[in-house]
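Structure first, commentary second.
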Amino acid sequence: MIDSVRAVGAVVGSAVGDALGAPFEFGPEGAFRARFPVAGHGGEMCGGGGWDPGEATDDTQMAVLVGESLLERGGLEPADVFRRFQRWAAADPKDIGLQTEAVLSSGDPWDTAAALHFQVSQRGAGNGALMRAATSAVYFAGDGRAATMDAARRLSALTHGDRAAWEGTAILHELLRTALTGGDPLAALPATLAEVHPDHRARYATVLAPDWHPDLATEFNGAVWPCLGSAVWALRTTTTYEDAVRAAVDLGGDTDTVAAVTGALAGAVHGATAVPERWTRALHVPLPGSGDRVLRTPDLTDLAHRLSDGGTRP
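Here this note's numbering = 1-based position in the sequence shown + 8.
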C-alpha cells in the first residue's frame, strides 16, 4: 500500500530540490556550502540566475504535466503526454533541455520523434526523463515492479531515444515504489538492477554501488548515469531530507536536476514532514502553455494525493 505522506514527500520533495538547485546550475562544486555553510539557518531558497526564490524549473513543470495526464486520461496515454509537452515547449519556458526541445519541435509523430532524433544525433542519454519521474512513480507504485518500470521506460522514450535513459528512469521508478510502500530503496538495488536491460546493467551497477562517489563520474552529471548515481549517493550518505538535498546541490553542475531526483528519493524515504517548511513556503511552479497557472505547495500536495489514489485503482 502506498503511504500518502511519502507520496507527498516524493512530489513536493522533488520540486523543492529543483527550486533549491536552480540558482546554482552549472556552478562549481561547493558553491552551495560556501554560501550556506550551516544547515537550518534559512535563506537557501535564494533565487538567482534568472529564477525567482522558490521557482521550480522544467523538471517540475514536466512532472506536473505527466501527472495531470495520468489522472485526466485514467492511465498512461503517451500521445497525450507528448502533446502536453509540445504545448508547454511552444510556450517558451525559461528552461528546456536542448535534446528535449529538438524532439518536441521536430514535427515528427510522438511514437518516432525521439528515436529519429537519436538516429541522427546519437545523443539521447541525458537526465531529462529522470528529472520528471516523481509524479509517474507515485501513480504506478501500486502496480508493482514490472508495471512501474515498464511505464517509466515508455514515458522516457517520448523524448529520449537512448535506452540508457529508459533504464535509469525505470530504476528510479522502482526505488521510489519501494520507498513509497515502506521499504528500503538502497536494499532494493540488487533486485532492481536484475530487472535492468542486460546491455545497461553493468554501467548502472557501477554508479549505484555503495563505494561509488560522484567524483568518480566519467560524464557530466547532466547525463542519466551520474545524475542517478549522485542522487543515490546523497541518499545513502545522509540521514535527513535536508542534508540529502544540500549534498546534491553542493555537487555543482546540473544542480536542479540532481537535487530534484535526490529530493524525490529523500522525500519518499523521510516523508513530507521532513521537507523544511521554510523551503515549501516559497515553492511555486509556473506552467507555460497552461494559461497563467502557477502551482504552489498545496496544489502539489493535492496532486500527490490524487496520484497515490490512482495507484490503487483496479
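All C-beta atoms in this analysis are idealised placements derived from N, C-alpha and C, irrespective of residue type, glycine included.
Since this is a predicted model, take the numbers as computed values, not measurements.
Residues near residue i in its chain [Cβ-Cβ closer than 6 Å; skip 5 each side]
| i | result |
| --- | --- |
| residue 62 | 27, 53, 290, 291, 292 |
| residue 16 | 280, 309, 312 |
| residue 64 | 23, 26, 27, 293 |
| residue 113 | none |
Local Cβ density within 10 Å of residue i, reported as buried at 16 or more and exposed below that
| i | result |
| --- | --- |
| residue 205 | exposed |
| residue 197 | buried |
| residue 144 | buried |
| residue 285 | exposed |
| residue 33 | buried |
| residue 120 | exposed |
| residue 250 | buried |
| residue 172 | buried |
| residue 7 | The displayed coordinates of the chain run from 9 to 322. Any statement about residue 7 would go beyond what the structure contains. |
| residue 301 | exposed |
| residue 105 | buried |
Cβ shell of residue i (< 8 Å), same chain only, five flanking positions each side left out
| i | result |
| --- | --- |
| residue 22 | 67, 68, 71, 142, 268, 269, 271, 272, 275 |
| residue 107 | 125, 129, 131, 132, 134, 136, 167, 168 |
| residue 127 | 169 |
Beta-carbon gap between residue i and residue j smaller than 8 Å
| i | j | result |
| --- | --- | --- |
| residue 138 | residue 176 | yes |
| residue 238 | residue 216 | no |
| residue 229 | residue 191 | no |
| residue 20 | residue 308 | yes |
| residue 232 | residue 29 | no |
| residue 18 | residue 236 | no |
| residue 163 | residue 74 | yes |
| residue 57 | residue 36 | no |
| residue 140 | residue 185 | no |
Other residues of its chain near residue i: CB distance less than 7 Å, five sequence neighbours each side excluded
| i | result |
| --- | --- |
| residue 209 | 201 |
| residue 155 | 148 |
| residue 214 | 220 |
| residue 90 | 118, 166 |
Cα-Cα separation between residue i and residue j, rounded to whole angstroms
| i | j | result |
| --- | --- | --- |
| residue 111 | residue 167 | 6 Å |
| residue 97 | residue 136 | 13 Å |
| residue 169 | residue 277 | 30 Å |
| residue 294 | residue 101 | 9 Å |
| residue 109 | residue 288 | 29 Å |
| residue 87 | residue 282 | 36 Å |
| residue 264 | residue 242 | 14 Å |
| residue 95 | residue 59 | 22 Å |
| residue 80 | residue 219 | 42 Å |
| residue 315 | residue 240 | 24 Å |
| residue 38 | residue 82 | 43 Å |
| residue 160 | residue 40 | 31 Å |
| residue 93 | residue 122 | 13 Å |
| residue 226 | residue 193 | 24 Å |
| residue 103 | residue 253 | 21 Å |
| residue 45 | residue 115 | 47 Å |
| residue 85 | residue 48 | 42 Å |
| residue 179 | residue 305 | 26 Å |
| residue 322 | residue 255 | The predicted model places residue 322 with a pLDDT of 42, which falls under 50 and marks its position as unreliable; any figure quoted below should be read in that light. The alpha-carbon atoms of residue 322 and residue 255 are separated by roughly 39 Å. |
| residue 157 | residue 181 | 6 Å |
| residue 298 | residue 99 | 9 Å |
| residue 222 | residue 50 | 26 Å |
| residue 13 | residue 146 | 11 Å |
| residue 212 | residue 246 | 21 Å |
| residue 199 | residue 183 | 10 Å |
| residue 42 | residue 248 | 20 Å |
| residue 195 | residue 174 | 22 Å |
Residue i Cβ short of 7 Å to the ligand ATP heavy atom set
| i | result |
| --- | --- |
| residue 49 | Within the structure as shown, the ligand ATP is missing, as the structure has no ligands at all. |
Which complete alpha helix (DSSP H) runs does the region 138-169 hold, if anything under 4 residues is left out? 142-148, 153-164
To test your reading of the DSSP string, which unbroken beta strand (DSSP E) runs of 3 or more residues are found completely within the region 175-244? none
Which ranges would you report for the beta strand (DSSP E) in the region 42-110 if only whole runs of at least 3 residues count? none
Could you give the uninterrupted runs of the alpha helix (DSSP H) lying entirely in the region 259-306, keeping only those of 4 residues or more? 263-278, 285-288
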